[in-house]
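Enquirer: Chains as they are written, first to last, in our numbering: chain A, 1 to 247; chain B, 1 to 247. We put the beta carbon where it would ideally sit given N, CA and C, even for glycine.
Protein chains: 2
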Amino acid sequence: MTPMPRMKTERARKLAAPATPPPQKQKRLSPGERKRDFIQKAAELFAEEGFGGGTRELANKLGVTQPLLYRYFPSKEELIEEVYRSVFLDRWDPEWDALLADRAVPIRERLERFYCSYTDAIFTRQWLRIYLFAGLKGLDLNSRYIEFVQERILTRIIVEYRHEAGLPPQEKPAAAEMELAWFLQGGIFYYGVRKHLYGLEVLEDKDRVIANALDVFLEGISRLFATSVRMRSAYGRRSVVRDEGAA
Amino acid sequence: MTPMPRMKTERARKLAAPATPPPQKQKRLSPGERKRDFIQKAAELFAEEGFGGGTRELANKLGVTQPLLYRYFPSKEELIEEVYRSVFLDRWDPEWDALLADRAVPIRERLERFYCSYTDAIFTRQWLRIYLFAGLKGLDLNSRYIEFVQERILTRIIVEYRHEAGLPPQEKPAAAEMELAWFLQGGIFYYGVRKHLYGLEVLEDKDRVIANALDVFLEGISRLFATSVRMRSAYGRRSVVRDEGAA
DNA sequence: TGCCTTGATTATCAGTCGATAATTTAGCGT
DNA sequence: ACGCTAAATTATCGACTGATAATCAAGGCA
Chain A
1 MTPMPRMKTE RARKLAAPAT PPPQKQKRLS PGERKRDFIQ KAAELFAEEG FGGGTRELAN
61 KLGVTQPLLY RYFPSKEELI EEVYRSVFLD RWDPEWDALL ADRAVPIRER LERFYCSYTD
121 AIFTRQWLRI YLFAGLKGLD LNSRYIEFVQ ERILTRIIVE YRHEAGLPPQ EKPAAAEMEL
181 AWFLQGGIFY YGVRKHLYGL EVLEDKDRVI ANALDVFLEG ISRLFATSVR MRSAYGRRSV
241 VRDEGAA
Chain B
1 MTPMPRMKTE RARKLAAPAT PPPQKQKRLS PGERKRDFIQ KAAELFAEEG FGGGTRELAN
61 KLGVTQPLLY RYFPSKEELI EEVYRSVFLD RWDPEWDALL ADRAVPIRER LERFYCSYTD
121 AIFTRQWLRI YLFAGLKGLD LNSRYIEFVQ ERILTRIIVE YRHEAGLPPQ EKPAAAEMEL
181 AWFLQGGIFY YGVRKHLYGL EVLEDKDRVI ANALDVFLEG ISRLFATSVR MRSAYGRRSV
241 VRDEGAA
């Protein structure tokens with residue numbers, strides 16, 4: 001009801017959005033675009049700050065004000081879940097399923113092609129950090145992703161390896177076999193963590209590192225599986241493949 | 001000035017410190033004890049909530065009031081660093097140095113003993129969570145721990161393996177060799193992450209999982225090192241051990 | 001027993017957080 | 001050109017954060 005609220009409004013705008021100085025006329029995006037922008041910038045923010053990153057800082061990255069977020073997401077928690085979905089569920093290339101199961105190609109080459117391509121997709125600072133933040137937060141979506149990895153990658157590795165090695169098929173891989181597949185997965189994964197999370201000096205040729213890891217893994221399990229089949233726990237020596245059931 | 005402020009005080013105390021109901025007379029600890037208690041409970045809190053865990057919640061766990069924290073630590077950040085120190089720097093058993101370097105024992109057995117004992121120390125929910133939180137926060141203390149692992153564990157594994165395999169000694173392990181050692185470390189580490197961070201069903205016999213991983217690793221690298229020595233990059237095939245220098 | 005050091009408490013501040021209600025205004029359809 | 005829908009803003013709330021100053025009181029020492 002008083003004169004000149006004009007000047008004050010102008011100043012408030014400048015202070016509120018210093019991140020994007022030039023494009024001041026950004027207004028009225030379609031709901032779809034706005035929502036996508038929120039999710040994308042939120043992924044960037046949460047990757048750096050964790051899910052505790054502020055909604056105001058997020059709004060600044062978009063050049064809008066903070067309450068606008070709540071026109072598109074009922075709560076911050078729901079934004080987080082959508083970020084999570086966009087980062088994880090949409091990055092699986094269906095091609096990989098076919099690749100891993102293609103018995104016309106030797107298992108060695110299948111695994112090399114898969115892991116080189118798969119790590120191209122997930123070995124980014126953003127993906128790895130959000131993955132770890134989500135794990136620490138205990139989101140159930142994270143557990144579901146792990147189960148996905150277990151079913152779509154690791155179980156297949158065991159099944160396909162056994163097939164190529166001429167070992168008898170099983171209904172389900174033994175727990176000890178799954179642990180060996182996880183050993184491979186974890187060993188490769190940690191390369192990405194060292195490089196992109198810790199920023200350490202690593203051997204830069206990622207595909208060569210993967211190839212070496214696969215050499216070690218496949219040579220290693222071939223000897224292990226061979227002995228376990230040959231002696232069938234005749235010795236008291238560790239027998240790997242025998243199932244003790246999952247806990 | 002009125003009767004019964006007694007009741008109100010009583011209620012306030014109960015609301016403020018519900019964590020430790022019976023010992024209400026806890027007062028006047030020596031500075032040393034109090035400080036240790038703060039660090040220990042802070043480790044528990046930060047492991048669950050991350051370093052964003054509140055100072056009031058921490059005080060509640062101790063049954064004291066929040067400002068008391070600032071008699072022992074100038075700021076929360078400094079408390080975090082002391083927590084970090086107590087969790088990481090004090091858990092290395094000097095015995096492990098001798099164990100890894102003891103050439104009277106076969107490398108296979110040295111590694112098994114070491115990793116079984118080492119993982120007994122670090123495979124706890126608290127250690128793993130603080131380790132990952134610290135990594136995401138980018139604390140330089142974390143980088144220093146990684147370098148420690150690299151020097152005290154991984155370099156030694158390569159050196160000792162090469163010695164036992166009769167390979168010529170090097171001034172420094174090749175970058176590709178360090179990557180293989182990291183592959184082992186990461187593969188074992190991920191077992192702890194799956195169990196204690198994600199709470200997944202794993203094969204419960206940790207020492208057997210480690211033994212299997214070592215079988216695979218040692219068998220694998222023995223073949224790899226042998227071929228690389230035999231053919232010296234005669235083929236165009238990948239040669240592992242040749243150094244390309246660290247980035 | 002009474003004092004005095006110091007551990008511990010109460011009261012409080014300034015800043016930030018997620019979220020809500022009311023208001024403004026951009027831009028399409030007529 | 002106007003008007004209406006809805007995108008975006010301003011203003012604000014209550015809860016919670018780390019931190020400070022002033023006050024209280026436990027317990028060793030005389």
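1. Does the segment 160 to 180 of chain A come within contact of the segment 161 to 171 of chain B, defined as at least 3 CB pairs closer than 8 Å?
2. In angstroms, rounded to a whole number, what distance separates the CA positions of A:P22 and A:R36?
3. Quick check on DSSP: helix, strand or coil for B:T65?
4. DSSP three-state label for A:T227, please.
5. Residues of the segment 134 to 160 of chain A with a CB closer than 9 Å to any CB of chain B: list them in chain order, please.
6. Count the CB pairs spanning the segment 219 to 228 of chain A and the segment 211 to 228 of chain B that are closer than 8 Å, and state whether there are at least three.
7. Is A:Y84 close to chain B? Criterion is C-beta to C-beta, closer than 8 Å.
8. Please list, in chain order, the chain A residues whose beta carbon lies closer than 7 Å to that of B:N60.
9. Do B:Y84 and B:L132 have their C-beta atoms closer together than 8 Å?
10. Closest to A:F73 by CA distance: which of A:F88, A:E179, A:T55, A:E95 is it?
11. How should A:Y70 be labelled, buried or exposed, when 16 other C-beta atoms within 10 angstroms of its C-beta is the threshold for buried?
12. At least one CB of chain A closer than 8 Å to the CB of B:V209: is that the case?
13. I want to verify the contact list: residues of chain B whose CB lies under 9 Å from the CB of A:Y72, in sequence order.
14. Considering A:A104, what are the terminal residues of the alpha helix (DSSP H) in which it resides?
15. Assuming contact is defined by CB atoms lying nearer than 8 Å, are B:G192 and A:L184 in contact in what I supplied?
16. Got a sec: which bits of the segment 185 to 196 of chain B sit with their beta carbon under 9 Å from any beta carbon on chain A, in order along the chain?
17. So the alpha helix (DSSP H) B:K137 belongs to, where does it begin and stop?
18. Are the CB atoms of A:R125 and A:A47 nearer to each other than 8 Å?
19. Between B:G135 and A:L197, which are expected to be in contact by the criterion C-beta below 8 Å, what is the C-beta distance as a whole number of angstroms?
20. Short of 7 Å in beta carbon distance, which residues of its chain neighbour B:L154, apart from the five on each side in sequence? Order them along the chain.
21. Use the C-beta contact count for B:L214: other C-beta atoms within 10 angstroms, 16 or more gives buried, fewer gives exposed.
22. Is any beta-carbon of chain A found at less than 8 Å from that of B:G54?
23. Just to confirm before moving on: does the CB-CB distance between A:I122 and A:R156 stay below 8 Å?
24. Near A:Q248, what residues of its chain come up, given a Cβ to Cβ distance below 6 Å and the 5 sequence neighbours on each side ignored?
25. Taking its Cβ as the centre, do 16 or more other Cβ atoms sit within 10 Å of A:E151, making it buried, or is it exposed?
26. Provide the residue span of the alpha helix (DSSP H) that contains A:P31, from first to last.
27. Whose CA, out of A:P31, A:L200, A:E112, A:G52, lies closest to the CA of B:E147?
28. If I measure Cβ to Cβ from B:P94 and keep anything under 8 Å in the same chain, skipping five residues before and after, which residues do I get?
29. Could you run through the segment 88 to 99 of chain B and flag, in chain order, every residue whose CB is less than 9 Å away from some CB of chain A?
30. Just to confirm the assignment, what range does the alpha helix (DSSP H) spanning B:S86 have?
31. Residues of chain A with a CB under 7 Å from the CB of B:W127: which are they?
32. List, in order along the chain, the chain B residues whose C-beta lies closer than 9 Å to that of A:L111?
33. Interface residues of chain A around B:L200 at Cβ under 7 Å?
34. Can you check whether the CB of A:F38 is closer than 8 Å to the CB of A:L89?
Expert: By the coordinates alone:
1. In short, these stretches do not touch, since the Cβ pair count stays below three.
2. Against the first sequence, residue 22 of chain A aligns to sequence position 22. Against the first sequence, residue 36 of chain A aligns to sequence position 36. Residue placement at A:P22 is flagged as unreliable, the pLDDT there being 44, under the threshold of 50; a coordinate-derived value is accordingly withheld.
3. In the second sequence, the residue the question calls residue 65 of chain B occupies position 65. Of the three classes helix, strand and coil, the one that applies to B:T65 here is coil, per DSSP.
4. Walking along the first sequence from the start, residue 227 of chain A turns up at place 227. Assignment of A:T227 by DSSP, reduced to helix, strand and coil, places it in the helix class.
5. Listed in sequence order: G135, L136, K137, G138, N142, S143, I146, E147, Q150.
6. Enough Cβ pairs lie closer than 8 Å, so yes.
7. As a first step, residue 84 of chain A is located in the first sequence; it is residue number 84 there, counting from the start. Output row for A:Y84: interface = no.
8. Position 60 of the second sequence holds residue 60 of chain B. Taking the beta carbon of B:N60 as reference, no residue of chain A falls within 7 Å; the closest one sits roughly 20 Å away.
9. Taking the first residue of the second sequence as position 1, residue 84 of chain B is located at position 84. Taking the first residue of the second sequence as position 1, residue 132 of chain B is located at position 132. Remark: C-beta atoms of B:Y84 and B:L132 do not approach each other more closely than 8 Å.
10. The residue given as residue 73 of chain A occupies position 73 in the first sequence. Of A:F88, A:E179, A:T55, A:E95, the residue nearest in Cα terms is A:T55.
11. The residue given as residue 70 of chain A occupies position 70 in the first sequence. By the neighbour-count criterion, in which a residue is buried when 16 or more other Cβ atoms sit within 10 angstroms of its Cβ, A:Y70 is exposed.
12. Residue numbering aside, residue 209 of chain B sits at position 209 when the second sequence is read from its first letter. Interface annotation, B:V209: in contact with chain A, CB-CB separation under 8 Å.
13. For this step, residue 72 of chain A is matched to residue 72 along the first sequence. Listed by position along chain B, the residues whose Cβ is nearer than 9 Å to that of A:Y72 form an empty set, because the closest Cβ is around 25 Å away.
14. Along the first sequence, one-based indexing puts residue 104 of chain A at 104. Element bounds for A:A104: n/a, residue is neither H nor E.
15. Residue mapping note: residue 192 of chain B aligns to position 192 of the second sequence, counting from 1. Residue mapping note: residue 184 of chain A aligns to position 184 of the first sequence, counting from 1. Cβ atoms of B:G192 and A:L184: not closer than 8 Å.
16. Within the segment 185 to 196 of chain B, Q185, G186, G187, I188, F189, Y190, Y191, V193, R194 place their CB atoms closer than 9 Å to a CB of chain A, listed in sequence order.
17. Position 137 of the second sequence, counted from the start, is the residue given in the question as residue 137 of chain B. Its alpha helix (DSSP H) spans residues 125 to 137.
18. The residue labelled residue 125 of chain A in the question sits at position 125 within the first sequence. The residue labelled residue 47 of chain A in the question sits at position 47 within the first sequence. Against a cut-off of 8 Å, the Cβ pair of A:A47 and A:R125 comes out as a contact.
19. Residue mapping note: residue 135 of chain B aligns to position 135 of the second sequence, counting from 1. Residue mapping note: residue 197 of chain A aligns to position 197 of the first sequence, counting from 1. 6 Å between Cβ atoms; contact.
20. As a first step, residue 154 of chain B must be located in the second sequence, where it is residue number 154. If you ignore the 5 residues before and after B:L154, its C-beta comes within less than 7 Å of the C-beta of M178, A181, W182, Q185, all in its own chain and listed in chain order.
21. Working through the second sequence from its first residue, we reach residue 214 of chain B at position 214. B:L214 counts as buried, since at least 16 other C-beta atoms from the protein chains shown sit within 10 angstroms of its C-beta.
22. The count along the second sequence starts at 1 and reaches residue 54 of chain B at position 54. With 8 Å as the cut-off, B:G54 does not count as an interface residue toward chain A.
23. Taking the first residue of the first sequence as position 1, residue 122 of chain A is located at position 122. Taking the first residue of the first sequence as position 1, residue 156 of chain A is located at position 156. The Cβ atoms of A:I122 and A:R156 lie no closer than 8 Å to each other.
24. As shown, chain A starts at 1 and ends at 247. That puts residue 248 of chain A outside it, with no answer to give.
25. Within the first sequence, numbered from 1, the residue matching residue 151 of chain A stands at position 151. A:E151 should be labelled exposed.
26. Within the first sequence, residue 31 of chain A is the residue found at index 31, counting from 1. Note, A:P31: alpha helix (DSSP H), 31 to 49.
27. In the second sequence, counting from the first residue as 1, residue 147 of chain B sits at position 147. Closest in C-alpha terms to B:E147, from the list A:P31, A:L200, A:E112, A:G52, comes A:L200.
28. Stepping through the second sequence from its first residue, residue 94 of chain B is reached at position 94. Once the five neighbours on either side are set aside, B:P94 has no close Cβ partner at all.
29. Of all residues in the segment 88 to 99 of chain B, none places a beta-carbon less than 9 Å from a beta-carbon of chain A.
30. For the purposes of this step, residue 86 of chain B is identified with residue 86 of the second sequence, where counting begins at 1. Its alpha helix (DSSP H) spans residues 76 to 88.
31. Position 127 of the second sequence, counted from the first residue, corresponds to residue 127 of chain B. For the C-beta of B:W127, not a single chain A residue is nearer than 7 Å; the gap to the nearest is close to 13 Å.
32. For this step, residue 111 of chain A is matched to residue 111 along the first sequence. Counting only Cβ-Cβ distances below 9 Å, A:L111 has no contacts in chain B at all, with the closest Cβ about 14 Å away.
33. Within the second sequence, residue 200 of chain B is the residue found at index 200, counting from 1. Below the 7 Å Cβ cutoff, chain A contributes I146 as neighbours of B:L200, in chain order.
34. Indexing the first sequence from 1 puts residue 89 of chain A at position 89. Indexing the first sequence from 1 puts residue 38 of chain A at position 38. No, they are not a contact pair.
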